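Each residue of the sequence shown is one higher than the last, beginning at 779 in this note's numbering.
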Amino acid sequence: MMNRHLKTLLFCFFVIGINAGNSYAVFRLNVESLEGEDAIDFGRLKAMEDGGTPIPVTESKRVRLNVTTDLNQPYIVSQMVDREPVNTRGVPTPLSAFRVFATLNRGSGTNRMPNRIPLSTGETQIYLSDSAGEEAEMILQYDIEVPPFQRAGNYRTSITYRIVTV
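Shown next, in the form of structure tokens:
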């Protein structure tokens, strides 16, 4: 009778050991356009009246960043802009025409972009988590103000979001 209980106990220990060995840590950054697009696309913006007089145009697009983690380690969320937006002929539009700011929806860390700042090339920190590495959600708003006399065209650049532990 004692031998039968011992086999059952060993079997339970073996199953628990397998399950614990196959668990994975979660550290994920989900990026989603709130306009339902695959990219931040400002579309066609009319910056001049029919007579050629410049008119002020501002357009906004929003992106949700959602951090999922069970690492219990602090982390940083950042964005990287590789270059000024350029059209198919290589003509740039200045990054100073773009502004970005972040609103923290969930999380107890530090919002590094609470106020509108000009978009800049390179890496810019968006969010620094608390010391426990709690999950977070933030909304980034990108605004463009078309400069007077900006050439018409499709301007493209790349913005990459990154999450790293501290």
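Ideal Cβ positions, reconstructed from N, Cα and C, are used throughout, including at glycine. What you are looking at is a predicted structure, and each value in this text was computed from that prediction instead of being measured.
Q) Nearest to residue 921 by alpha carbon, out of 837, 818, 814? A) Ranking the options by Cα distance to residue 921, first place goes to 837.
Q. How long is the line joining the alpha carbons of residue 901 and residue 813, rounded to whole angstroms?
A. 24 Å
Q: Might you give, ordered along the chain, the residues of its own chain that have their beta carbon closer than 8 Å to the beta carbon of residue 869, omitting 5 neighbours on each side?
A: By the criterion of a C-beta distance shorter than 8 Å, residue 869 is surrounded in its chain by 929, 931, once the five residues flanking it on both sides are discounted.
Q: Compare the C-alpha of residue 808 against each of 912, 939, 944 and name the closest.
A: 939
**Q.** Among 883, 818, 884, nearest to residue 876 - alpha-carbon criterion
**A.** 818
Q. To the nearest angstrom, how far is it from the Cα of residue 849 to the Cα of residue 911?
A. Distance between residue 849 and residue 911, taken at the CA atoms: about 7 Å.
Q. What does residue 900 pair with, by DSSP beta-bridge criteria?
A. 859
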